[in-house]
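2 protein chains.
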Amino acid sequence: MDQGDIRPGEVRVEAPEAADAVLRFIGTIRTPWTVRADCRRSGDAEHGPVCRIEVFEPWVAALAGIERHDRLELLYWMHQARRDLVLQSPRSGGTIGTFTLRSPVRPNPIATAIVRLVEVEGASVLVRGLDCLDGTPLLDIKPDHPRG
Amino acid sequence: MDQGDIRPGEVRVEAPEAADAVLRFIGTIRTPWTVRADCRRSGDAEHGPVCRIEVFEPWVAALAGIERHDRLELLYWMHQARRDLVLQSPRSGGTIGTFTLRSPVRPNPIATAIVRLVEVEGASVLVRGLDCLDGTPLLDIKPDHPRG
Numbered sequence: 001m002d003q004g005d006i007r008p009g010e011v012r013v014e015a016p017e018a019a020d021a022v023l024r025f026i027g028t029i030r031t032p033w034t035v036r037a038d039c040r041r042s043g044d045a046e047h048g049p050v051c052r053i054e055v056f057e058p059w060v061a062a063l064a065g066i067e068r069h070d071r072l073e074l075l076y077w078m079h080q081a082r083r084d085l086v087l088q089s090p091r092s093g094g095t096i097g098t099f100t101l102r103s104p105v106r107p108n109p110i111a112t113a114i115v116r117l118v119e120v121e122g123a124s125v126l127v128r129g130l131d132c133l134d135g136t137p138l139l140d141i142k143p144d145h146p147r148g
Numbered sequence: 149m150d151q152g153d154i155r156p157g158e159v160r161v162e163a164p165e166a167a168d169a170v171l172r173f174i175g176t177i178r179t180p181w182t183v184r185a186d187c188r189r190s191g192d193a194e195h196g197p198v199c200r201i202e203v204f205e206p207w208v209a210a211l212a213g214i215e216r217h218d219r220l221e222l223l224y225w226m227h228q229a230r231r232d233l234v235l236q237s238p239r240s241g242g243t244i245g246t247f248t249l250r251s252p253v254r255p256n257p258i259a260t261a262i263v264r265l266v267e268v269e270g271a272s273v274l275v276r277g278l279d280c281l282d283g284t285p286l287l288d289i290k291p292d293h294p295r296g
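From first to last, the protein sequence lines are chains A and B. Just so we're aligned, residue 1 is where the first sequence starts under the numbering used here, counting upward by one. Just so we're aligned, residue 149 is where the second sequence starts under the numbering used here, counting upward by one.
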């Protein structure tokens, strides 16, 4: 979203400086989508296209054993999203609080996705279930939540 | 974990500076646990104790509509965790890659938890299902993942 683009009903705030903690990007996500309009609304871990997670050094060793997990949780940084809206007006209608949406627009634009592991190829992990832009910075890989 | 404390088999790396993106804390999580040893291994969204999420201004307005969601995803910052291990030796045995564990020790110590909403009280949200320290910084609140 263009930083100046606000829809009717949306409310922006003067957000405090983002300076409480710092992140390091640990990889890059390769997907078929190069512009936001082409991205899916949500990933499909069963039938979606295979995407490549490229892990940077010195973190490649941290993949040891990853092939034992069928489902992974990925965290990544939605680097194009504005961070100052508290109310949003989705295209589906209505105006609603940011914490009631999974929109990229949020105070800390961290996405989480549950994906299916397809294959590990050295420093890369192939998965299905993503919906993000090509070149999205990777923050973390974990096994999926334990489900009770 | 004490920053100097490494178990047999664990491998630390010279991690690059964490400076690719910045976070702002948007609230505080109140739980019954004040030391790491008391924290559960994982939260229980059905029978766990009720914990209080206190949202800071100017983000309180972003809670609008949250009560419609039974299950929420919370993201928070594990501020006491070291960030430089690629192989870890859990107490359960063996040595395994960091990305194969949900341990707090990881290059970007962001936790994700699926919790059950109990009640909204003004700027606070009461939930079950957390396992973190009292005073943990909050990063985000989202509806749970759509599950296919």
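In this text, a Cβ means the ideal position worked out from N, Cα and C, and glycines have one as well. From a predicted model like this one, the values you see are computed outputs, not experimental measurements.
query	result
Closer than 7 Å at the beta carbon, the chain A residues around residue 213 of chain B	96, 97, 100
Residue 257 of chain B classed as buried or exposed, judged by whether at least 16 other C-beta atoms fall within 10 angstroms	buried
Whole runs of the beta strand (DSSP E) within the stretch 103-129 of chain A, excluding any shorter than 3 residues	110-121, 124-128
Proximity test, Cβ basis, 8 Å: residue 207 of chain B and chain A	yes
Nearest residue (CA-CA) to residue 124 of chain A, options A:61, A:39, A:12	A:61
Residue closest to residue 121 of chain A, alpha-carbon to alpha-carbon, out of A:52, A:128, A:129, A:30	A:52
Residue burial classification, residue 34 of chain A (beta-carbon count within 10 angstroms, cutoff 16)	exposed
CB contact below 8 Å: residue 149 of chain B versus chain A	Any reading at residue 149 of chain B must be qualified, since the residue scores a pLDDT of 43, below 50, and its modelled position is unreliable; the value itself is stated next. With 8 Å as the cut-off, residue 149 of chain B does not count as an interface residue toward chain A.
DSSP three-state assignment for residue 68 of chain A, whether helix, strand or coil	helix
Distance between residue 236 of chain B and residue 156 of chain B (C-alpha atoms, nearest Å)	9 Å
Chain A contacts made by the stretch 165-186 of chain B, where a contact means CB separation under 9 Å	165, 166, 167, 168, 169, 170, 171, 172, 173, 174
Contacting residues, own chain, Cβ-Cβ under 7 Å from residue 13 of chain A (five flanking each side not counted)	84, 86
Sheet register partners of residue 154 of chain B (DSSP bridge)	DSSP, once it has assigned bridges, lists no residue as partnering residue 154 of chain B.
Near the ligand GDP: residue 23 of chain A beta-carbon under 7 Å from a heavy atom	The ligand content of the structure shown is nil, which means the ligand GDP is not present either.
Three or more C-beta pairs below 8 Å linking the stretch 192-207 of chain B and the stretch 236-252 of chain B	no
Bridge partners - residue 246 of chain B, DSSP secondary structure assignment	Paired residues: none, contrary to the question.
Run of the beta strand (DSSP E) containing residue 29 of chain A, from where it starts to where it stops	27-30
Chain B within 8 Å of residue 52 of chain A, Cβ atoms only	no
Residues in the stretch 220-233 of chain B having any Cβ partner in chain A nearer than 7 Å	221, 223, 225
Interface flag, residue 162 of chain B vs chain A, CB-CB below 8 Å	yes
Short CB-CB distance (under 8 Å) between residue 271 of chain B and chain A	no
Segment contact flag, the stretch 236-245 of chain B with the stretch 272-291 of chain B, C-beta cutoff 8 Å, min 3 pairs	no
Under the three-state DSSP convention, the category residue 11 of chain A falls into	strand
Selection from B:167, B:164, B:179 that minimises the alpha carbon distance to residue 276 of chain B	B:179
Closer than 8 Å to chain A by CB, residue 155 of chain B	no
Neighbourhood of residue 45 of chain A by C-beta, 7 Å cutoff - its chain only, sequence neighbours within 5 removed	114, 115, 116, 128, 129
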